[in-house]
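Here the structure comes first, spelled out in structure tokens, and everything after it is commentary.
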Amino acid sequence: MDRIDLVLMLMQQHMNQALHAHQYIVDRRRRRLRRRAARSIWVRNWISRRPEHGLYDCLMVELRNEDPRAFQNFMRMPPDMFDEVVERLRPALTKKTTHWRAPLDPGLKVALTLRHLASGAKYRDMQYGWRVPHNTISIVVREVCMAIVDEYREELLKPPQNDEDWRQITDNWMRRWNFPHVIGAIDGKHVACKAPANTGSDYYNYKGFFSIILLAVVTSDYKFMWIDVSGKGSTSDAHLYNASVLREALEKNDIVGFPQPDPIQVTQRMSLFSGGR
1 MDRIDLVLML
11 MQQHMNQALH
21 AHQYIVDRRR
31 RRLRRRAARS
41 IWVRNWISRR
51 PEHGLYDCLM
61 VELRNEDPRA
71 FQNFMRMPPD
81 MFDEVVERLR
91 PALTKKTTHW
101 RAPLDPGLKV
111 ALTLRHLASG
121 AKYRDMQYGW
131 RVPHNTISIV
141 VREVCMAIVD
151 EYREELLKPP
161 QNDEDWRQIT
171 DNWMRRWNFP
181 HVIGAIDGKH
191 VACKAPANTG
201 SDYYNYKGFF
211 SIILLAVVTS
221 DYKFMWIDVS
231 GKGSTSDAHL
241 YNASVLREAL
251 EKNDIVGFPQ
261 PDPIQVTQRM
271 SLFSGGR
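Quick note on numbering: the sequence shown equals residues 1 to 277 in UniProt numbering.
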């Protein structure tokens, strides 16, 4: 066997090995796809019976017609307000009907979201009563929350614009809670989350779970004036406040219309924020 024959033989052997490896990969991929096709179900039978047995089409209709107070307890709002919210969000939540399946009704999406926000129920627990897959619920909740923000932001999240607006807030604190010169109550709230990748114990709080911190200021009637959701669970409220744009704006007197000091009895006092220890 000369050198050329040896080279040709080695090349042929290498090509055969490459072809065998390629065929093995193709066969394994085909087997995986067959297994996936065998166990996948487009719509489970009990989910397809949502119109006959789901909470939205059955229980909520009964509550609306027979017990509006129970409807309000369930949705945290009366039927007429629920209908108004649905109609305002309908353009953002309506999807096109396809040949594969009909889209979820916007009213069902709103009901799912409100119930989740009101009860804190897990998506996997909600899927059985509402007969909507848990992964679909997770998408719906995010979709509806964003639609609510887009629709109501300019209408409901207006900050005070002048001295008169701020003084109205302080007057409400005095009238309702007998606390003078208060602009807002500030506090932090731990919101449970999965630990982000490669963060160690940064999000692990003193209560024993992973969280992000919602730092918020509210008025005397529990309306949000300002929020910050950037805090890691291991961070204290004081540290979050010290690093916040709120503190910077207060120290630089850079808040539009913020009131000047007024007398409390015989002393001059600035308006203040009330917070827990």
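Even for Gly, the Cβ is constructed at its ideal location relative to N, Cα and C. Bear in mind that the values here come from a model prediction, so they are computed numbers and not experimental data.
Whole-number beta carbon distance between residue j and residue i, since they are thought to touch under 8 Å
| i | j | result |
| --- | --- | --- |
| residue 177 | residue 234 | At roughly 32 Å, the Cβ-Cβ gap does not stay under 8 Å, so residue 177 and residue 234 are not in contact. |
| residue 60 | residue 111 | 6 Å |
| residue 184 | residue 149 | Not a contact, Cβ separation roughly 21 Å. |
| residue 188 | residue 250 | At roughly 17 Å, the Cβ-Cβ gap does not stay under 8 Å, so residue 188 and residue 250 are not in contact. |
| residue 130 | residue 222 | Contact flag wrong, Cβ pair sits at about 28 Å. |
| residue 212 | residue 232 | 7 Å |
| residue 199 | residue 181 | The Cβ separation is near 40 Å, so there is no contact. |
| residue 91 | residue 97 | Contact doesn't hold; Cβ gap of about 16 Å is too wide. |
Helix, strand or coil at residue i according to DSSP, with G and I counted as helix
| i | result |
| --- | --- |
| residue 130 | helix |
| residue 138 | helix |
| residue 102 | coil |
| residue 82 | helix |
| residue 227 | strand |
| residue 109 | helix |
| residue 263 | strand |
| residue 68 | helix |
| residue 256 | coil |
| residue 119 | helix |
| residue 241 | helix |
| residue 97 | coil |
| residue 57 | coil |
| residue 159 | coil |
| residue 49 | coil |
| residue 44 | coil |
| residue 198 | coil |
| residue 178 | coil |
Residue i - partner residues in DSSP beta bridges
| i | result |
| --- | --- |
| residue 190 | 213 |
| residue 204 | 210 |
| residue 337 | Within the shown structure, residues of the chain are numbered from 1 to 277, placing residue 337 beyond reach of any answer. |
| residue 218 | 185, 224 |
| residue 318 | Nothing can be reported for residue 318: it is not among the residues displayed for the chain, which extend from 1 to 277. |
Minimum C-alpha distance to residue i - residue among the options
| i | options | result |
| --- | --- | --- |
| residue 51 | 215, 158, 105 | 105 |
| residue 238 | 186, 93, 31 | 186 |
| residue 224 | 58, 157, 20 | 157 |
| residue 191 | 209, 67, 81, 98 | 209 |
| residue 215 | 124, 44, 230, 123 | 230 |
| residue 133 | 77, 43, 64, 66 | 43 |
| residue 47 | 179, 32, 128, 66 | 128 |
| residue 114 | 86, 75, 236 | 75 |
| residue 88 | 31, 151, 95 | 151 |
| residue 80 | 65, 93, 94 | 65 |
| residue 205 | 236, 196, 226 | 236 |
| residue 255 | 168, 159, 21, 242 | 159 |
| residue 93 | 28, 144, 252 | 144 |
| residue 153 | 226, 243, 54, 22 | 226 |
The region 96-115 in contact with the region 136-145 per 3-pair CB rule at 8 Å: yes
Inter-stretch contact at 8 Å, needing at least 3 Cβ pairs: the region 250-262 / the region 145-163: yes
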